[in-house]
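Step one of this worksheet: look at the structure below.
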Amino acid sequence: MPQMATAANPRCFLDMSIGGLLEGRIVVELNAAVAPRTAENFRALCTGEKGIGPNTGVPLHYKGVRFHRLIKGFMIQGGDISAGDGTGGESIYGLKFDDENFELKHERKGILSMANSGPNTNGSQFFITTTRTSNLDGKHVVFGKVVKGIGVVRAIEHISAGDDDCPNIEIVIADCGEIPEGSDDGISNFFKDGDMYPDWPADLDDKPSEISWWMIAVESAKAFGNDYFKL
Numbered sequence: 041m042p043q044m045a046t047a048a049n050p051r052c053f054l055d056m057s058i059g060g061l062l063e064g065r066i067v068v069e070l071n072a073a074v075a076p077r078t079a080e081n082f083r084a085l086c087t088g089e090k091g092i093g094p095n096t097g098v099p100l101h102y103k104g105v106r107f108h109r110l111i112k113g114f115m116i117q118g119g120d121i122s123a124g125d126g127t128g129g130e131s132i133y134g135l136k137f138d139d140e141n142f143e144l145k146h147e148r149k150g151i152l153s154m155a156n157s158g159p160n161t162n163g164s165q166f167f168i169t170t171t172r173t174s175n176l177d178g179k180h181v182v183f184g185k186v187v188k189g190i191g192v193v194r195a196i197e198h199i200s201a202g203d204d205d206c207p208n209i210e211i212v213i214a215d216c217g218e219i220p221e222g223s224d225d226g227i228s229n230f231f232k233d234g235d236m237y238p239d240w241p242a243d244l245d246d247k248p249s250e251i252s253w254w255m256i257a258v259e260s261a262k263a264f265g266n267d268y269f270k271l
């Protein structure tokens, strides 16, 4: 059964495109109980509800914004709403806002955390870890985690990048928003292409225990691939 959004921990989605083609959806859960101010900044930037930023003159909205920095085995970074290259950005509270706290840790892959240029310089830029990065604890504010779309995160992580860690092809947030309380995450059969199984097992709504289910899934994936090979 699809996981539901709750009032305590809002969920947001990022529909990602790579090289102009839709790749899939990343669903994040924001820890509003521990980092409410930081979580609200991200949520509002996903919806675009705050309008135009008074400091940068651009929409306070992640839609159309690039992921500009990739480091394989570390993290993927995006959210620069003004410059698009890691030099800009703006929060819903002003150009920058202070570090809220460092209670949550970078303890595994899929952690959602604020990018910064030093203490108390949070804006709109964020990153998603692709492994445990405990060296960032106490320096970057963790405010959420990926709950669906780890396969999409991995696909982005493995895009080739230059010496400046900038991806060699454009990676864009094609659409984004908040998932209403009580709604499912909308990720099921995202592309309507007939493949009902996610690329990454962690993205399954349920984890079937019956070996027969997994055998059927494997055979289905093989058949789906064979059909494409025939084209």
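Using our numbering, you'd call the opening residue of the sequence shown number 41 and step up by one each time.
Ideal placement from N, C-alpha and C gives every residue a C-beta, glycine not left out.
Taking a 10 Å sphere around the C-beta of ASN208, we find fewer than 16 other C-beta atoms and assign the residue as exposed. Shown here, GLY191 sits in a helix according to DSSP, grouped into three states.
Taking 8 angstroms as the upper bound for CB-CB distance, VAL182 and LEU144 are in contact here, some 4 angstroms apart.
The DSSP-derived three-state label of PHE183 is strand. Taking each of PHE142, ALA84, LYS185 and LEU176 in turn and checking the Cα distance to ILE151, the smallest one comes out for LYS185.
Secondary-structure assignment with DSSP links GLY64 through a beta bridge to MET56. Within the same chain, VAL98, PRO99 and LEU100 come within 8 angstroms of ILE92 by CB-CB distance, once the 5 residues on both sides are set aside. Only residues of its own chain outside the window of five on either side were considered, and among them ASP55, MET56, SER57 and LEU62 have a CB closer than 7 angstroms to the CB of ALA214, listed in chain order. Contact between ARG106 and GLU210 holds, with the beta-carbon distance rounding to 6 angstroms and staying under 8 angstroms.
In terms of Cα proximity to GLY64, the closest of TYR133, PHE53, GLU218 and ASN71 is PHE53. Using a Cβ distance threshold of 8 angstroms, VAL187 and VAL67 count as a contacting pair.
Looking from the CA of SER174, the closest CA among SER157, ASN71, LYS149 and GLU89 belongs to LYS149.
Residue LYS103 holds the alpha-carbon nearest to the alpha-carbon of GLY217 among PRO76, ALA48 and LYS103.
Just so you know, the alpha carbons of GLY129 and ASN162 end up roughly 9 angstroms apart. Across the structure, GLY59 and MET115 are spaced so that their CA atoms are roughly 19 angstroms apart.
Scanning the stretch 88-176 from its first residue to its last, the whole beta strand (DSSP E) runs of 3-plus residues come out as 107-111, 115-118, 151-154 and 166-169. DSSP lists ASP55 as the bridge partner or partners of ASP215.
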